[in-house]
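Peer 1: Structure below; questions to follow.
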Amino acid sequence: MDVSPQGLAFIARHEGFVGRAYLDPAGVPTIGYGFTEGSRLFRSWWQAQGHAGLVPGQTIDSIAALTLLRKLLDHEYGPMVTAALGALPQHVFDAVVSVVYNLGPRALGWRWAKALKEGDLGRAAELLARTGTTAGGRVLPGLVTRRRDEAELIQDGTYGFAPDKPAQTDPDVKIAQGHLRLLGYRPGPVDGIEGPRTRLATLRFQSDHPPLAPDGTLGPATRATLARAVAARKGLAGCSAGKRR
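If you use the numbering used here, the sequence shown corresponds to residues 38 to 282, in order.
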């Protein structure tokens, strides 16, 4: 079974496209739609492009990246889902592939997946909505949103936000704005909205941190670099405080 076009768009939207390789918050080189060398198919494809390995600053075309994402989903992650859970309705299959692409195959052994295998979509969705939302011991708003959307897709077959839902601020943007402010880049209000002042502050930060692409957008690469910069600053502050004691 292959991921549907709607499922591909769903996963691509949640992953976000980054054309220039960067280090994710865990320090793993990442490019495209969350591609890392942990994927056998990606590693083989990347080497076929003439690269010995993935390092920050390398680039990938958006069309090639989307084509590669489809290949990874259909030939690497989708088969894992089918092997573990058997035949599923298309929208459920798409949601589960999204989960496995984000959390890895170990997630297929968790309670939400066991409920799904028993045919209890409601229970599976309920458990999934509060599963896999942390990284490094912290709850990440982006993961909370993704689990919620995957749970809704399992239960209701909803691939996107309902048109009658009010526009909401982006919690990931809000966190990044806080990081920009802490680092002295003056993004304006920390409100989760990428307004002109936030875009200007982001552009200045990106210009100061090559190989980030200076596009003024708070994409995954920029957010990861911001998080590392803040962590490094806090670490230095902690060392200084320790010396004073």
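We put the beta carbon where it would ideally sit given N, CA and C, even for glycine.
Which residue marks the beginning of the alpha helix (DSSP H) containing Tyr1, and which one marks its end?
Peer 2: Here the chain has residues from 38 to 282 only, and residue 1 is not among them.
Peer 1: The beta strand (DSSP E) spanning Val55 covers which residue range?
Peer 2: Here the beta strand (DSSP E) through Val55 covers 55–60.
Peer 1: Please say whether Arg57 and Pro257 have beta carbons closer to each other than 7 angstroms?
Peer 2: No, the Cβ-Cβ distance between Pro257 and Arg57 is not below 7 angstroms.
Peer 1: Can you pull the DSSP bridge partners for Pro66?
Peer 2: Paired residues: Leu60.
Peer 1: Please name the residue, chosen from Leu153, Asn139, Lys154, Gly173, that lies closest to Arg265 on a Cα-to-Cα basis.
Peer 2: Considering only alpha carbons, the answer is Gly173.
Peer 1: Whole angstroms are fine: how far does the CA of Ala49 sit from the CA of Val40?
Peer 2: Spanning the two alpha carbons is a distance of roughly 12 angstroms.
Peer 1: Tell me the rounded alpha-carbon separation between Gly87 and Gln95.
Peer 2: Each residue's alpha carbon lies about 12 angstroms from the other.
Peer 1: For Asp207, which residues in the same chain have their Cβ closer than 6 angstroms to its Cβ, ignoring the five residues on either side in sequence?
Peer 2: Result list for Asp207: Gly229, in chain order.
Peer 1: Per DSSP, Val176 is paired with what?
Peer 2: Its beta-bridge partners are Thr171.
Peer 1: Can you tell which of Thr104, Ser76, Gly69 has the C-alpha that lies nearest to the C-alpha of Ile97?
Peer 2: Per the Cα distances, Gly69.
Peer 1: When the Cα of Ala152 is compared with those of Arg185, Val133, Arg107, Leu45, which residue comes out closest?
Peer 2: Looking at the Cα atoms, Val133 is the closest of the given residues.
Peer 1: Output the boundary residues of the alpha helix (DSSP H) element that contains Asp209.
Peer 2: Residues 208–219.
Peer 1: Quick one: what does DSSP say Thr119 is sitting in, helix, strand or coil?
Peer 2: Reduced to three states, the DSSP call for Thr119 is helix.
Peer 1: Looking only at its own chain, which residues have a Cβ that is under 6 angstroms from the Cβ of Leu140, when we skip the five neighbours before and after it?
Peer 2: Within the same chain, Leu140 has close Cβ partners Gly169.
Peer 1: Would you kindly work out how many angstroms separate the C-alpha atoms of Arg319 and Ala250, rounded to a whole number?
Peer 2: This structure does not reach residue 319, given that the chain is present from 38 up to 282, and the question cannot be answered.
Peer 1: Could you tell me which of Tyr222, Ile191, Phe72 sits nearest to Val129, measuring between CA atoms?
Peer 2: If we check each option's Cα against that of Val129, Ile191 comes out closest.
Peer 1: If you follow the alpha helix (DSSP H) that Ala144 is part of, which residue opens it and which one closes it?
Peer 2: Premise fails: Ala144 is in no alpha helix (DSSP H) and is neither H nor E.
Peer 1: Please confirm whether Pro93 and Leu60 have their CB atoms less than 7 angstroms apart.
Peer 2: Cβ atoms of Pro93 and Leu60: closer than 7 angstroms.
Peer 1: Near Tyr138, which residues of its chain fall below 7 angstroms by C-beta distance, leaving aside the five closest residues on each side in sequence?
Peer 2: Excluding sequence neighbours, Tyr138 sits near Ile48, Leu110, Tyr114.
Peer 1: Can you give me the start and stop residues for the alpha helix (DSSP H) that Arg50 sits inside?
Peer 2: Segment 42–52, the alpha helix (DSSP H) holding Arg50.
Peer 1: Which residue wins for smallest C-alpha separation from Glu189, given the options Lys271, Arg160, Gly272?
Peer 2: The candidate whose alpha carbon is nearest that of Glu189 is Arg160.
Peer 1: Which partner residues does Phe72 have in the DSSP bridge list?
Peer 2: Answer is Ile68, bridged to Phe72.
Peer 1: Would you identify the three-state DSSP class for Thr195, choosing helix, strand or coil?
Peer 2: Residue state, collapsed to three classes: coil.
Peer 1: Could you round the C-beta distance between Lys108 and Leu145 to whole angstroms and report it? I think they count as a contact, below 8 angstroms.
Peer 2: With 8 angstroms as the limit, Lys108 and Leu145 do not qualify as a contact, their Cβ atoms being about 20 angstroms apart.
Peer 1: Roughly how many angstroms lie between the CA atoms of Val136 and Ala150, to the nearest whole one?
Peer 2: Rounded to the nearest angstrom, the two C-alpha atoms are 10 angstroms apart.
Peer 1: I'd like to know whether the C-beta atoms of Arg260 and Ala213 end up nearer to each other than 7 angstroms.
Peer 2: Yes, they are a contact pair.
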